[in-house]
Every structure is written in structure tokens, then in C-alpha cells.
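Following: one structure in C-alpha cells, then a few remarks.
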Amino acid sequence: MSDTFIEKYVAVPESILATDSGSAYSKVAKQFRLHLQVNHSERLAGPEPGQHLNLSEGFTARQDRSELCIYLNLEPKYLLDYAAEAAFREDHRRLPRRSAT
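If you read the sequence shown in the working numbering, its first letter stands for residue 7, the second for the next number, and so on.
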């Protein structure tokens, strides 16, 4: 039996899924305790304070740019490594630079 990515890497059903209002999420959302949606045609953020997708959408945009600009030939067997590198870069992109001394 093959586990889906979500079953393998996400703590369901106790996790909360936050997405935009795309219909692609409706089936997977049933596995989660709560599904928060932001309808971008109505507003940029959800009704609750801090409910937005800017961080995840920004991360995805930077990962997409990396695929086009950094990696010239993506190898499917290394996709997890590419994603791990993108996550590392995201986690460290706002850290203060160390001094050279």
C-alpha cells in the first residue's frame, strides 16, 4: 500500500490546511481538522488576524524561479533535494550576515 505525500509527511487529521480558494484543495482538505481558505477575488487575506498565504505563495514563487533560473536540468529523482535546498534558502534568507572578522 502506497501512502500519499500528505499521509507520509503531514500530521493529519490534527493539522490545519491553509490555502487559497482553488478547487484543487477540496478533496485533500477533508483529511484535515480545519481548512482555512482565502478568496483572493474578494480580499488578500482571510477574516482572522494573520490569516494569509503570503509566506507560502512567496516560497512557491521563489522555488518556481529556482527551477527556471538555477537548475538547468531538473532530475525527477532529485526533486526532494531541490525542495530541501529551497526550504533551507527560505529559512536563512533573512538572517543577518556574519562579519568577515
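Positions of the beta carbon are idealized from the N, C-alpha and C atoms, including for glycine. Everything numeric in this text was worked out from a predicted model, so none of it was measured.
Under 7 Å Cβ to Cβ from residue i, same chain only, skipping five residues before and after it: list those, please.
i     : result
Met7  : For Met7, the predicted model reports a pLDDT of 37, less than 50, meaning its position is unreliable; a value from the coordinates is still stated below. Taken in chain order, the list of residues that qualify is empty.
Val18 : Ile12, Gln37 and Phe38
Quick one, are the C-beta atoms of residue i and residue j less than 7 Å apart?
i     : j     : result
Val44 : Asp26 : yes
Glu91 : Phe65 : no
Using DSSP's beta-bridge definition, name the partner residues of residue i.
i     : result
Thr25 : Gln43
Under 6 Å Cβ to Cβ from residue i, same chain only, skipping five residues before and after it: list those, please.
i     : result
Ala67 : none
Leu61 : none
Quick one: residues in its chain with C-beta nearer than 8 Å to the C-beta of residue i, no 5 flanking neighbours on either side, listed in chain order?
i     : result
Glu20 : Arg39
Lys14 : none
Leu80 : Glu73 and Tyr88
Return the residue from the list the options that minimises the CA-CA distance to residue i.
i     : options                : result
Glu63 : His46, Cys75 and Phe94 : His46
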